[in-house]
Structures are given as structure tokens and as C-alpha cells.
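Trainee: To start, I am sharing the structure in question, which I have written as C-alpha cells.
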Amino acid sequence: MNLSRRDFMAMMGIAGATGFLSPSAIASSWGSGKDPYEIPEYGNVTLLHITDTHAQLLPVWWREPGTNIGTREQKEWGVTPHMVGDKKLEYYGIKAGTPEGYALSCMDFDTLAHKYGKIGGYAHIATLVKRYREQVGKKAILLDGGDAWQGSATSLWTKAEDMVGAQNLLKEDYFVGHWEFTYGADRVEYLLKHKLKAKFLSQNVFTIPWDEPVFDPYDIREVSGRKVAIIGQSFPFTPIANPAYFVPKWSFGIHPGHMQKMVDECRQKHKADIVVVLSHNGADVDKKMASQVNGIDIILGGHTHEIMGPRPVKINNTLIINTSTNGKFLARFDLDVGKGKLNGWRFNYLPIISNMIPEDQEMADYITKVRAPYAKKLAEPLAVTESLLYRRDNFNGTFDQILCDALREEMDCEAAFSPGFRWGYCKLPGETITMEDVMGQTAITYPQVTVTEYTGAELKNVMEQVADNLFNPNPYYIQGGDMIRVGNIQYTMNPGETIDKRITDLRVGGKMVQANKRYKVAGWGAMQKVEGTPVWEIFAKWLRSKKTVSANPRDLPVLTKNMAGNPGIAFPKEYDL
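Taking full-length UniProt numbering, the leading residue of the sequence shown gets 1, the next gets one more, and so forth.
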């Protein structure tokens, strides 16, 4: 199906009559008289970018973080710091309460969610992708930044085959990975060789011990008579952030030196006119890599689920973006590529607000079909939430709070840990939590729940190590997750300190932790092979017993006073600031 602007607007007219916002309502909400998805054609190459959809075939609620603290980006590279909430909207001149404000900020999320609706959904993404392909023709390249195969029940139960089918229907051109590797090397190789039609690229994955490339590092594509080099960069910390036993014969890393070699090879050997890196490094790692590697025109980034602003960050001569998560945005770069250089560019983030974009019928039918065998199990009602439930925040998201409460109570422990994952969507107050929602927070291939006795010293060390991963001033030591989630643990945090000095006043159940005392702690997502009940079974059992749940109170840290005024904190009172 080819979808012109006329077709799109006609479909929107139908949508307006069936519960979606009409074209005039869209334009009015956006504060203009124009269709916000109408992008003027420019240049001779168009890049379309999605990333970190985390296997969410259907639209979901997704709240931007209220806390996302940066440590050095403004001083180091002269770019804007991490910003959230009102500060972000004010800085970029975005009006609160608009669809763009809803998409880019956590402010008034519950109210605006009811007004504008869910985000993402592959059928809605497909509509926009088809529209732009119809507009620009063979100038379009669709690139997927990875983390597409993990994050839902159906992706876990089909071992990612449901997502590969959706990627093929989108007609993706290029792909890199991270959570994909947690299905194991054999499964990844099988899907890439026999199922996925997109080309998988990675310049930073090598065999052990021979250091030979596992995947093609780059591809040269001729578009409008110009040579476009696409270099792949999969998640560099895969065997550290996830169990190494999934990929025992592969090594990973950032490898900026090898990246420079690949850039030079593309330009000198293949006479590439521009070089694009499809990256799963994370936003801050991409910034540092851009400061070290010469000759990259554009980095299409993922992993950290960030929208750094409505326009690209520029470091040296490299433009950098990071296109959020859960299908919330489609990024579009329109490029004027000259002989050996980028002459000009236009950029747009397109929020995939599902009430504003009709479904592509072909993709919608596929999604219905692939979900059908699991529909009854997914729909099982478990409990009703009284709180807004979300995960994405530097510290305990509310969904993780009730998960920690469940682990602690069901496993009869003094405290609980839950990984600081950034994937996992939201539920609005008053909504029913279903089995699908539980899987949307827990669907991994190493889900076993464990009970561990930590000494007080070990407890602090675990938390200090994770804090250093989050707040280390060197981006090459930042793996891109958030702080470990805690249940019945209280502490004071100073993100600006060094390792072993960030956490003070550590308590369990309100009592000061003693270095040699042992504490019984429930957790999940172990890095070693362990036996245990899958976390979703424990969580679902607890929810069934509660009927209604609330995430209050939360086990948030007290932040030290030097964090007052930090633009990465939207709600300072939560942290006693």
C-alpha cells in the first residue's frame, strides 16, 4: 500500500469520525494550521530512524523521566545538559500541554495522556513510514537502532519471531543490536540469516579468541547518485550489562580506534560521500565518540531512551540524535549530500501519537494474527492501580516500587533489589494491570528470582557500583541503565561524588546498616545461571492477592543539596531538595 498525503488525510477524516483526532484537531492542538506530519521534501537522501521499541507492537503509555541527571556534558562538549520537565520545555520554547509538550516532557502526564492518547504502535509507525516513502521514493533509508526483539510476552514466547515479522513488513534497511543478544548467539544468527530481511551491521563485535568480525561492519548504499556509508555499532557492554553466557564466543566494546578505521575505509576506499553511524552506544557515549572520531556526519543513536531536544546535538562536525523508545518517535533527516560532503540538512522528530495517526491495515492485521494464540493469557486481569505506574527515572520508578514490594513480601525478605532497566511502559491511575503488563516489565530470558544474604558492606558495594555506572564522569564507563531499584532500603545519594563516596546514611527498614550484619534480599535478573521462579510469576501472584495497589510511599533517596537546581530533576521535593 502506497500512502500519499491525500490518502493520509482522507484516512484521518475517517479516523476523526471513529474516535481519533481529526486533521483540524491535530493542527489546532499543535498550535498551527498545518498537518504536523507534513514535512517538505528537501535534498537527495532521507534517513528514517526508530530505535528501542522493546517489542511493543501495540501503542502504550510512555512517560518521559522526571529525573535524568547528567554529570559533565555541558562542560566537556559545550552542549546542553540533561534536562527534564518544565526546564526542557522552557529551554526549547515548547508550549506545555501541546502534543509536542506531551511527547517531550513528564509534566501533567496523566492529564495529557487522557487528552492525546497512547504512543507508538507498529501499525501507526507503518502508516507514517509508508507516507514518507511515497513522498521521497528511493531516497529513503529506514534504520532500526536495536532493542526491537525484547520487552514483551509475545517476543519472549516466539523468541523474537513476531518482531522480525513486523520489521520485515516495515521494510527496514539496517539494524544493530543489544537485548537481541540475550536470546543467545545461535538464535541471533538463525534469525539474521533466515528470517530478517534488514542488513545487520556491527563494527564492534568480534570472535574470541581470533578477533575476527562477527558481522559486516558497514554497508555502502548508493542513493540519488551519492554514496552513503552506514556503519553499525551494537551495544558495547553486552557481556557486562547482560549475562556473558549468551554470547561466550563474542567480544564487544566501544572500539573508537576501529570505528575511525572503518570511517576512513568508507571514505578513502569506497569514496563515501557521507558517513552515518547507526549506534546503540547510548547518548553520552555517542557524544564522546563523536569528539574522538573524525569524519562521521551523523550518529543515529539509541539505548538510553533519550530525546536530547527537538534538534540534533552537534559535536565537532557530527550531528547526534537519540530517538527515544517504545516507538514514541520516528526521526527524519533530510540531507543535501554533495560530492564528499554534507551540504545541508533538515531534521524532524515525529511523535507517534496513536490517536493522531491511523493504523496501517496490513500491519494491524499482522499484529492481530501474531498475538492471537496468546490473547487470553495476556488479557488476564490481576489488580487495579491507584497510582501512575512508570519505570523510566534515575531512581525508583513507581512500577519498580510495587515490583520490589512484591518480591519482598512473597519471598519473605527484609529488602529487595530490581534492575535499573529503562524499558517498561506505564499504566494510568484506575487502569487494570494485566498479565501482559507484568510481562512488559519483566520479559527477559534470565528472569529467575533469587534470595541472597548480603552483609551491610556488600549491600553498599552493590549500590555504589551501580551508582558509578550511572554517574561516572567518563561516558565510556556509563552503561546506560538507571540506579538499582530498592525495596525497604533508604539512603542519601550524591551523584557528583566518586565511587564508594556517593551513598551515605544507608538504612534497611529505617535502621542504619551495619557492615557485618547480614540482610536477606530478594532480586531477579542474575548475571550467573541460577535456578528460581520467573519473576513474572511472583509479581502476578502478589497482584492477584492485592486486588488494588499503590506505589506510595516510594523508596527514593535523599539527594545532597548540591543537586538543587539541577535541570535533570523535575520534582526536587521528591528528594528533599
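Quick reminder that beta carbons are idealized off the backbone N, C-alpha and C, glycines included.
1) In three-state terms, what does DSSP make of G344?
2) I need the straight-line Cα distance from residue 579 to N355, nearest angstrom please.
3) Based on DSSP bridge pairs, tell me the residues matched to Q448.
4) Give the straight-line distance between the Cα atoms of I274 and L300, rounded to the nearest whole angstrom.
5) Find the nearest neighbour of S105 within the set R346, K139, P81, T67, judged by alpha-carbon distance.
6) Using the beta-carbon count (16 or more within 10 Å), is S545 buried or exposed?
7) With DSSP as the reference, label N322 as helix, strand or coil.
8) Quick one: using the 10 Å Cβ neighbour count with 16 as the cut-off for buried, is A564 buried or exposed?
9) Work out the CA separation of A185 and A198 for me, nearest whole Å.
10) According to DSSP, what are the bridge partners of residue 602?
11) My assumption, with CB atoms under 8 Å, is that N260 sits in contact with V293. Please give the rounded CB distance.
12) Restricting to Cα atoms, I'd like to know which of Q528, Y477, I433, H305 is closest to K541.
13) Helix, strand or coil for S545 per DSSP?
14) What is the DSSP secondary structure of W179, reduced to helix, strand or coil?
15) Can you tell me whether DSSP reads P351 as helix, strand or coil?
16) I'd like the ranges of any alpha helix (DSSP H) spanning at least 4 consecutive residues and lying wholly in the stretch 72–135.
17) On the criterion of 16 or more Cβ atoms from any shown chain inside 10 Å, does I208 qualify as buried, or is it exposed?
18) Can you round the beta-carbon distance between Q203 and I230 to whole angstroms, since I take them to be within the 8 Å contact cut?
19) On the DSSP bridge assignment, give the partners of V60 in chain order.
20) Determine the direct distance from the alpha carbon of K339 to that of H303, and round the result to whole angstroms.
21) Taking the C-alpha atoms as reference points, what is the distance between D365 and V558?
22) Using three-state DSSP, classify Y425 as helix, strand or coil.
23) What does the alpha-carbon distance come out to for the pair H194 and G151?
24) Please classify S24 as buried or exposed, where buried requires at least 16 other C-beta atoms within 10 Å of its C-beta.
25) Tell me whether G565 sits in a helix, a strand or coil according to DSSP, three-state version.
26) If we count Cβ pairs, one from each stretch, closer than 8 Å, do we get three or more for the stretch 446–465 versus the stretch 521–531?
Mentor: Considering the structure as presented:
1) strand
2) Outside the displayed span of the chain (1 to 577) sits residue 579, for which this structure offers no information.
3) P534
4) 13 Å
5) T67
6) exposed
7) strand
8) exposed
9) 18 Å
10) Residue 602 is absent from the model: the chain starts at 1 and stops at 577.
11) First, the amino acid is wrong: residue 260 is Gln here, not Asn. Right, the Cβ-Cβ distance comes to about 5 Å (below 8 Å), so this counts as a contact.
12) I433
13) helix
14) helix
15) strand
16) 73–77, 85–92, 99–104, 109–116
17) exposed
18) The pair is not a contact, with the Cβ atoms about 11 Å apart (cut-off 8 Å).
19) I119
20) 32 Å
21) 49 Å
22) coil
23) 22 Å
24) Unreliable positioning characterises S24 in this predicted model, as indicated by a pLDDT of 49, which lies under 50. A coordinate reading is not provided.
25) coil
26) yes
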